[in-house]
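In the numbering used here, the protein residues as written are 1 to 251.
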């Protein structure tokens, strides 16, 4: 009799648990359905703004680390930021190649130093007369060229290239703006800047990151963003091929 009563009590408890679970799942499903109905009345632009506010903003060093480890988090956190914030990030990560590239050139490729114009070398020697023609003066000269390249020349070229790339995005009906294409390009360039001494790996790495960034920034699927990036690359390949054929016929 005691065993039968225990079994009845346990069966009653299991029934109560099943009822509570079924009630909770039904409540969750009803709340989700209500949210879907409510969100259908909200414009898509407002929904995007609300989603961007939910994403936590990242600091500079978190952006650098997550660009390599968790790039999707960076693209979501930086979506909608201004071009100038992306440009500041680009200049900051350019500090490493600005400092290390002249050092590598002055140690392993010292013949490049002989190609620098004589008037530039005379300016450096006038600033540093005690260390003229030394390793330090060579490094400072190449450092000036490196800073000019990464801080001024490269951003100007990047503005133009991203503009062309954004045209391809719009052809594929991307939802983002120019700043989103610029941000995806900048943050996908993080490995290229930090590990500039690995050019082949960096190109593949940047290609993959750019696909992820464009898919998040413009609402593409990964397959569609792949073809967007690939079409942009093929565009420059065709331009290079056309220039080569023109030069071949002219000569």
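Glycine included, each C-beta is placed from N, C-alpha and C at the ideal position.
Residues in the same chain with beta-carbon distance under 7 Å from residue 129, minus the five sequence neighbours each way, listed in chain order, please.
Because the pLDDT of residue 129 is 48, which lies under 50, any placement of that residue in the model is unreliable, and the question is left without a value.
Is the beta carbon of residue 103 sitting closer than 7 Å to the one on residue 146?
No, these two residues do not count as a Cβ contact at 7 Å.
If we call anything under 7 Å between Cβ atoms a contact, is residue 75 one with residue 216?
Contact: yes.
Can you list the alpha helix (DSSP H) stretches of 4 or more residues lying completely in the region 130-165, in chain order?
Listed in chain order, they are 135-148.
Going by C-alpha to C-alpha distance, which of 183, 173, 87, 161 sits closest to residue 77?
183
Helix, strand or coil, according to DSSP, for residue 86 in the structure here?
helix
Candidates 211, 190, 84: closest to residue 156 by CA position
Relative to residue 156, the option among 211, 190, 84 whose CA is nearest is 84.
Suppose the cutoff is 8 Å on Cβ atoms and the five residues either side in sequence are ignored; what does the same chain contact list for residue 86 look like?
78, 179, 182, 183, 186, 187
Output yes or no for whether 7 Å exceeds the beta carbon distance between residue 172 and residue 232.
Their beta carbons are not under 7 Å apart, which means residue 172 does not touch residue 232 by this criterion.
Contact between the region 57-75 and the region 206-214 (3+ Cβ pairs under 8 Å):
yes
Would residue 89 be called buried (16 or more neighbouring beta carbons within 10 Å of its own) or exposed?
buried
Return the first residue and the last residue of the alpha helix (DSSP H) that residue 60 is part of.
60-69
List in chain order: all unbroken alpha helix (DSSP H) runs of 4+ residues lying wholly within the region 198-243.
199-217
Leaving aside the five residues before and after residue 175 along the sequence, list all residues of the same chain whose C-beta is less than 6 Å from its C-beta, in chain order.
Spatial neighbours of residue 175 in its own chain (CB-CB distance under 6 Å, excluding positions within 5 residues in sequence) are listed in chain order as 218, 219.
Quick one: what's got a C-beta closer than 6 Å to residue 63's C-beta in the same chain, skipping five residues either side?
74
In whole angstroms, give me the CA-to-CA distance for residue 228 and residue 250.
34 Å
Can you tell me which of 95, 68, 158 puts its alpha carbon nearest to the alpha carbon of residue 144?
95
Integer-rounded CB distance, given that residue 150 should sit under 8 Å from residue 191:
Not really, about 16 Å apart at Cβ, beyond 8 Å.
Distance between beta carbons of residue 202 and residue 195, contact taken as under 8 Å
6 Å
Between residue 193 and residue 93, is the Cβ-Cβ spacing less than 7 Å?
yes
Please classify residue 221 as buried or exposed, where buried requires at least 16 neighbouring CB atoms within 10 angstroms.
exposed
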